[in-house]
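Protein chains in written order, with the numbering used here: chain A, 3 to 304; chain D, 380 to 640.
Scroll down for the structure; my scribbles are underneath it.
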Amino acid sequence: MPEVHNDLSAQKSSLVKTLRESPKAQGLALISPTIIYLFIFMILPMILVMVLSLLTRGPYGNVIYRINVDNYVRLMDPLYLRILWYSLSIAALTTTFTILIGYPLAYYIARAQARQRSLLLFLILVPFWTNFIIRIYAWIMILRTEGFLNNLLLNLGLIKVPLYILYTPTAVLIGMVYEFLPFMVLPLYTSLEKIEAAQLEAAADLGARPWRAFMRVTLPLSVPGMIAGSILVFIPAMGMFVVPDLMGGAKTILVGNLIRNQFLVARDWPFGAAASMLLLLLTLAVTLYYTRKAGFGEELLI
Amino acid sequence: MSEKKPALWLRIYTILIYGYIYLPILLLIVFSFNTQKLNVRWEGFTLHWYERLFQDQDVLEATRNTLIIAFTSTIVATVIGTLAALALQRYRFPGYTMAESALYIPVIVPEVVMGISLLVFFAQIHFRLGLATITLAHIAFSIPFVTLVVRARLHGFDRAIEEAAMDLGANELITFWRVTLPTIMPGVLSGALLAFTLSLDDYVITYFTAGPGATTLPLRVFSMVRFAVTPEVNALSTLWVLTVFIILLIGQIARRKQTQR
């Protein structure tokens, strides 16, 4: 069938022609695999969860297709609000401690000589790239009742009975801070490194003492890095369930644990979906608030 | 910033913090060679735990699965993500800002939410959970990171060399293969490296998309840690840390060579 063949090749050549001549079409052709993939495997699944959160659990863990907001009403129960508040506090404390520990470190790295600087950054990255369950495990070894810390303190005679740290909220906090410290240090470093020596010299020339120069010049200029770091720490800390699982014992339940349990233990998917939506809404609100407050870009891209 | 020497207290502080970062990992490594099972006091040197590790069929299978998933997802995500980086860096098209913000989804959506979303999605389309679903999920969260890294590298790319190649008679395809790709290759490779380690490391999303049958190393380590603290976990962790260290070192050396050229 020569006609059909001609038709096809004509279509093909016109497609090639459009692609060759229009940069718009070229750009769309290059971006479309990403957009299609992310739509199918990220956006569509989240839309499904949103719909699911408006449905009801049936008697056998199945889903009944009746639209209502009961799941969200149930989330307002003091029991769940307490879990939410608890997660918020742990995430906020984690963020605060990573800033307190990470800021002087990032400051030191930013002021180190160029060759030393890349070594110091490399050393921050190595543990960050090793599996995070391994890092938690290392801390379990240290904090256990019969672990290194207690052994050391007992041998030194500083304590008489072992401390119970593991399986408490304190252990969860220790684990989280250790986990997320690099997420804070890297963006802080990026923004501290950008501050010009000239700006600090100008401050010094105008009579500012080092501490005052730091408070009036360095600190404000590093705010974008601090915000980017806070977002990178706060969001994963908010949804974390692995650290509480391994270090918190049965008492420490965060939103992440609640969601996981609803999906895999209680098998109340619609309620779990509602809790997920609430978590997502919270993290989105925090992100939007802080990105609006201080514009930043590349700090988030490490 | 200025290269004035930092204050003494800051230097001591920095050393302490690096101690805090590395001490747990060093303890982990040292005690993987310890004869005592309880993991508290040093008794004597042994390679026993490594031997046991290499006889542990579950660990071996988990390692194999992890590598299959990591290689497959890295290759697919690197190709797709690099194309997107080229699109965003060089072209303007309808929906540009939307495409750009879509890349931030994995940064602003908590992993647990992404995990359960994929679980719901695969259940809804009756796709059986297993290695395939884990790989599909890993590709999804890797693409944005590859794109961000490659795009950062494309930033300083001088398009004049491409134009020169075209002037010398090369068509678009040849120009891309012989000029563009070799120039952006370091960026593509560091994007691939990032995707590979993200896949190797992932626990949360894997946990929700794995189903009952498939295990990966992070899942295996988790259940080992959960049930008992034994030096076998230390041995596994030591090998893991070493592998990551070598991969990172190669990446670092490659980058240094690139900047020296």
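From the three backbone atoms N, C-alpha and C, an ideal C-beta is built for every residue, glycine too.
- Selected residue, minimal CA-CA separation from LEU387/D, among TYR110/A, GLU195/A, ALA199/A: Translated into positions along the second sequence, residue 387/D becomes position 8. Distance from the Cα of LEU387/D is smallest, within the candidate group TYR110/A, GLU195/A, ALA199/A, for TYR110/A.
- Task: Please determine, among ILE229/A, LEU158/A, MET228/A, ALA199/A, the residue with the shortest C-alpha to C-alpha distance to ALA215/A.
- Result: As a position in the first sequence, residue 215/A is number 213, starting the count at 1. Nearest C-alpha to ALA215/A: ALA199/A.
- Item | Which residues DSSP lists as bridging ILE66/A, in chain order | Along the first sequence, one-based indexing puts residue 66/A at 64. In the DSSP output, where bridge partners are listed per residue, ILE66/A has THR58/A.
- With DSSP as the reference, label ASN550/D as helix, strand or coil. Within the second sequence, the letter at position 171 stands for residue 550/D. The DSSP-derived three-state label of ASN550/D is coil.
- Range of the contiguous alpha helix (DSSP H) that encloses ALA114/A: Counting from 1 along the first sequence, the entry for residue 114/A is found at position 112. It is not in any alpha helix (DSSP H) - ALA114/A carries neither H nor E in the DSSP assignment.
- Message: List, in chain order, every chain D residue whose beta-carbon is nearer than 9 Å to that of ILE37/A.
- Response: Counted from its first residue, the first sequence places residue 37/A at position 35. By Cβ distance, chain D contributes ALA463, GLY474, MET477, ALA478, ALA481.
- Task: Kindly indicate the opening and closing residues of the alpha helix (DSSP H) around GLN436/D.
- Result: Mapped onto the second sequence, residue 436/D falls at position 57. GLN436/D -> alpha helix (DSSP H) spans 436 to 469.
- Item | Helix, strand or coil at ASN133/A according to DSSP, with G and I counted as helix | Within the first sequence, numbered from 1, the residue matching residue 133/A stands at position 131. In the three-state scheme derived from DSSP, where H, G and I count as helix and E and B as strand, ASN133/A is classed as coil.
- Message: For the alpha helix (DSSP H) containing SER496/D, name the first residue and the last one.
- Response: The sequence position of residue 496/D within the second sequence is 117, counting from 1. For SER496/D, the enclosing alpha helix (DSSP H) starts and ends at 490 to 503.
- Query: Closer than 8 Å, CB to CB, is TRP87/A near chain D or not?
  - Reply: Translated into positions along the first sequence, residue 87/A becomes position 85. TRP87/A does not count as touching chain D.
- Give the secondary structure of PHE41/A by DSSP, where H, G and I count as helix, E and B as strand, and everything else as coil. Taking the first sequence and counting its residues from 1, the one referred to as residue 41/A is at position 39. Residue state, collapsed to three classes: helix.
- Between the stretch 110 to 136 of chain A and chain D, which residues of the former have a C-beta closer than 7 Å to a C-beta of the latter? Residues of the stretch 110 to 136 of chain A with a Cβ closer than 7 Å to any Cβ of chain D, in chain order: TYR110, ALA112, ARG113, GLN115, PHE124, LEU125, LEU127, VAL128, PRO129, TRP131, THR132, ASN133, PHE134, ILE135, ILE136.
- Identify the contact partners of GLY460/D in chain A, using a Cβ-Cβ distance below 8 Å as the criterion. Locating residue 460/D in the second sequence gives position 81, counting from the first residue. Within chain A, the residues near GLY460/D are THR36.
- Message: Helix, strand or coil, according to DSSP, for PHE424/D in the structure here?
- Response: Position 45 of the second sequence, counted from the first residue, corresponds to residue 424/D. In this structure, PHE424/D counts as strand in the three-state DSSP scheme.
- Query: Taking Cβ-Cβ distances below 7 Å as the criterion, which residues of the stretch 602 to 626 of chain D are in contact with chain A?
  - Reply: Answer set for the stretch 602 to 626 of chain D: VAL604, ARG605, VAL608, VAL612, SER616, TRP619, VAL620, VAL623, PHE624.
- What are the residues that DSSP puts in a beta bridge with ASN413/D? What you label residue 413/D is simply residue 34 of the second sequence in a count that begins at 1. DSSP output for ASN413/D lists PHE424/D as bridge partner(s).
- Would you call the CB atoms of ILE404/D and PRO184/A closer than 8 Å? To locate residue 404/D, count along the second sequence from 1; it is residue 25. To locate residue 184/A, count along the first sequence from 1; it is residue 182. Cβ atoms of ILE404/D and PRO184/A: not closer than 8 Å.
- Message: With a threshold of 8 Å between beta carbons, is PRO565/D in contact with chain A?
- Response: Your numbering for residue 565/D matches position 186 in the second sequence. No, no contact with chain A.
- Task: For the stretch 69 to 95 of chain A, list the alpha helix (DSSP H) runs that are entirely contained and at least 4 residues long, ordered along the chain.
- Result: The DSSP assignment places 72 to 77 as complete runs of the alpha helix (DSSP H) inside the stretch 69 to 95 of chain A, in order along the chain (cut-off: 4 residues).
- Item | Residue interval of the alpha helix (DSSP H) (run including TYR475/D) | Mapped onto the second sequence, residue 475/D falls at position 96. Per DSSP, TYR475/D belongs to the alpha helix (DSSP H) from 475 to 481.
- Whole-Å CB distance - ILE255/A paired with PRO246/A, under 8 Å assumed: Start at 1 with the first residue of the first sequence, and residue 255/A comes out as number 253. Start at 1 with the first residue of the first sequence, and residue 246/A comes out as number 244. Confirmed, about 7 Å.
- Stretch pair the stretch 607 to 618 of chain D + the stretch 536 to 549 of chain D: three plus CB contacts closer than 8 Å: Flag = no, the stretch 607 to 618 of chain D and the stretch 536 to 549 of chain D do not touch.
- Task: Could you confirm whether any beta carbon from chain D is found closer than 8 Å to the beta carbon of SER91/A?
- Result: Working through the first sequence from its first residue, we reach residue 91/A at position 89. For SER91/A, the answer is no, since every Cβ of chain D falls outside 8 Å of its Cβ.
- Beta-carbon separation of THR453/D and LEU596/D under 8 Å? In the second sequence, counting from the first residue as 1, residue 453/D sits at position 74. In the second sequence, counting from the first residue as 1, residue 596/D sits at position 217. No, the Cβ-Cβ distance between THR453/D and LEU596/D is not below 8 Å.
- Counted within 10 angstroms of its Cβ, other Cβ atoms place HIS517/D as buried (16 or more) or exposed: Counting from 1 along the second sequence, the entry for residue 517/D is found at position 138. When all chains shown are included, HIS517/D counts as buried.
- Rounded Cβ spacing between VAL712/D and LEU248/A (contact assumed at less than 8 Å): There is simply no residue 712/D to check, as chain D begins at 380 and stops at 640 in what is shown.
- Just the C-alpha distance for LEU467/D and ILE522/D, rounded to the nearest angstrom, thanks. Translated into the one-based positions of the second sequence, residue 467/D becomes position 88. Translated into the one-based positions of the second sequence, residue 522/D becomes position 143. Those two C-alpha atoms are separated by around 14 Å.
- Task: Counting only the same chain and skipping the five closest in sequence on each side, list residues whose C-beta sits under 8 Å from that of VAL51/A.
- Result: The sequence position of residue 51/A within the first sequence is 49, counting from 1. Same-chain partners within the cutoff: ALA275, SER278, MET279.
- Which of the three DSSP states, helix, strand or coil, is assigned to ARG214/A? Reading the first sequence from its first residue, position 212 is the one you call residue 214/A. In the three-state scheme derived from DSSP, where H, G and I count as helix and E and B as strand, ARG214/A is classed as helix.
- Item | Residue-level contact to chain A via CB, SER496/D, 8 Å cutoff | The residue labelled residue 496/D in the question sits at position 117 within the second sequence. The Cβ of SER496/D sits closer than 8 Å to at least one Cβ of chain A.
- Excluding five sequence neighbours on each side, which residues of the same chain lie with their C-beta closer than 7 Å to the C-beta of GLU422/D? The residue given as residue 422/D occupies position 43 in the second sequence. The answer, listed in chain order, is ASN413, THR414, GLN415.
- Task: State whether the stretch 612 to 628 of chain D contacts the stretch 120 to 140 of chain A, with contact taken as three or more CB pairs (one from each stretch) at a distance under 8 Å.
- Result: Result yes; three or more Cβ-Cβ pairs closer than 8 Å.
- Cβ of LEU21/A within 8 Å of Cβ of GLN28/A? Here residue 21/A refers to the residue found at position 19 of the first sequence. Here residue 28/A refers to the residue found at position 26 of the first sequence. The Cβ atoms of LEU21/A and GLN28/A lie closer than 8 Å to each other.
- Message: With a threshold of 8 Å between beta-carbons, can SER15/A be considered close to chain D, or not?
- Response: For the purposes of this step, residue 15/A is identified with residue 13 of the first sequence, where counting begins at 1. For SER15/A, the answer is no, since every Cβ of chain D falls outside 8 Å of its Cβ.
- Query: Does the distance from the C-beta atom of THR445/D to that of ALA571/D stay below 8 Å?
  - Reply: Working through the second sequence from its first residue, we reach residue 445/D at position 66. Working through the second sequence from its first residue, we reach residue 571/D at position 192. Not closer than 8 Å, so no.
- To the nearest angstrom, report how far apart VAL455/D and GLN264/A are at their CA atoms. Within the second sequence, the letter at position 76 stands for residue 455/D. Within the first sequence, the letter at position 262 stands for residue 264/A. Using only the alpha carbons, I get a separation of about 33 Å.
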